[in-house]
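Student: Chains as they are written, first to last, in our numbering: chain F, 417 to 532; chain B, 2 to 117. Backbone N, C-alpha and C fix where the C-beta goes; we use that ideal spot for every residue, glycine too.
Here's what the structure looks like:
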């Protein structure tokens, strides 16, 4: 299993500012995933972060808006840039269990972001 | 492409009632994995079960049971003798190596409310 620590757990931010969310895993993992969950909605994958390479973004998400860093095998950050109220969501970091296949996807406790 | 459908948006039951949450999926992969997660009001995602496509055995864990039927592409979740603490949003998810692009696809979730 993996234990994921995500910081901050919640924040209220002014529009136009940026917030960086940190994700720390207690073991080395190849891929880390960032999800967004808008109010009352399901989880949507933002991007996959691999150590040593640029993140791979899903359709509808761009690096300028959601820059991601992956400096080592246990840590990643997601920045929400130039925020607007539409960015108010829960942002979750996730890692997967061993390959092949998937034993489990582990999630951080999420960052609840409110943009005012 | 793969898809997960949770047709029940919200279910309300009285404590001690049994409740079944439906999940129907679509995938072209022959090997895939199905998951159920619980998201309580605090926001974290709690892993409940993983089932691979070759294992159609039903599973029971305490008050929880899962019915996997490949013939109908369904993976339903039943809570027996529901309790107030079961109140949460429940997500069904699918992982497939090809059709899913090696990532989890979530359903839209079912909000379960258990009342006294």
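#1: Quick one: residues in its chain with C-beta nearer than 6 Å to the C-beta of residue 528 of chain F, no 5 flanking neighbours on either side, listed in chain order?
#2: Write down the C-beta distance between residue 54 of chain B and residue 32 of chain B rounded to the nearest angstrom, noting that I regard them as a contact closer than 8 Å.
#3: Under the rule that 16 or more other beta-carbon atoms within 10 Å means buried, what is residue 70 of chain B, buried or exposed?
#4: Would you tell me roughly how many angstroms separate the C-alpha atoms of residue 108 of chain B and residue 454 of chain F, rounded to the nearest one?
#5: Put residue 446 of chain F into one of helix, strand or coil per three-state DSSP.
#6: Take residue 490 of chain F and list the residues in its own chain whose beta-carbon comes closer than 8 Å to its own, dropping the five residues that flank it on each side.
#7: Do residue 5 of chain B and residue 95 of chain B count as a contact pair if the criterion is CB distance below 8 Å?
#8: For a quick check, are the C-beta atoms of residue 433 of chain F and residue 499 of chain F less than 8 Å apart?
#9: Going by Cα to Cα distance, which pick from B:97, B:116, B:88 is closest to residue 38 of chain B?
#10: Classify residue 464 of chain F: buried if its beta carbon has 16 or more other beta carbons within 10 angstroms, exposed otherwise.
#11: So, does the CB of residue 464 of chain F fall closer than 8 Å to a CB anywhere in chain B?
#12: For a test of the three-state rule: what should DSSP assign to residue 516 of chain F, helix, strand or coil?
#13: Would you say residue 110 of chain B reaches chain F, if we count a Cβ-Cβ gap shorter than 8 Å as a contact?
#14: Please report the residue range of the beta strand (DSSP E) in which residue 130 of chain B lies.
#15: Alpha carbon to alpha carbon, how far is residue 15 of chain B from residue 473 of chain F? Give it in angstroms, no decimals.
#16: To the nearest angstrom, how far is the alpha carbon of residue 105 of chain B from that of residue 524 of chain F?
#17: Does the Cβ of residue 47 of chain B have 16 or more other Cβ atoms within 10 Å, making it buried, or fewer, making it exposed?
#18: Measuring straight from C-alpha to C-alpha, what distance separates residue 85 of chain B and residue 92 of chain B?
Tutor: Let me spell this out:
#1: By the criterion of a C-beta distance shorter than 6 Å, residue 528 of chain F is surrounded in its chain by 426, 506, once the five residues flanking it on both sides are discounted.
#2: Residue 54 of chain B to residue 32 of chain B, Cβ: 6 Å. Contact.
#3: By the 10 Å Cβ count, residue 70 of chain B comes out exposed.
#4: The straight-line gap from Cα to Cα measures roughly 14 Å.
#5: In the structure shown, residue 446 of chain F sits in coil (DSSP, three-state: anything other than H, G, I, E or B).
#6: Result list for residue 490 of chain F: 440, 441, 442, 443, 444, 445, in chain order.
#7: Yes, the pair counts as a contact, with Cβ atoms nearer than the cut-off.
#8: Contact check for residue 433 of chain F against residue 499 of chain F passes: the beta carbons are separated by less than 8 Å.
#9: Nearest Cα to residue 38 of chain B within the set B:97, B:116, B:88: B:88.
#10: Residue environment for residue 464 of chain F: buried (at least 16 other C-beta atoms within 10 angstroms of its C-beta).
#11: Judged by the 8 Å Cβ criterion, residue 464 of chain F is in contact with chain B.
#12: Unreliable positioning characterises residue 516 of chain F in this predicted model, as indicated by a pLDDT of 47, which lies under 50. The coordinate reading is nonetheless provided below. Three-state result, residue 516 of chain F: coil.
#13: Taking Cβ atoms only, chain F reaches closer than 8 Å to residue 110 of chain B, which makes this a yes.
#14: For residue 130 of chain B there is no data in the structure shown, the boundaries of chain B being 2 and 117.
#15: If you take the alpha carbons of residue 473 of chain F and residue 15 of chain B, they lie about 43 Å apart.
#16: Taking the straight line from one Cα to the other gives about 15 Å.
#17: Exposed, by the Cβ-count rule.
#18: In a straight line, the C-alpha of residue 85 of chain B is about 18 Å away from that of residue 92 of chain B.
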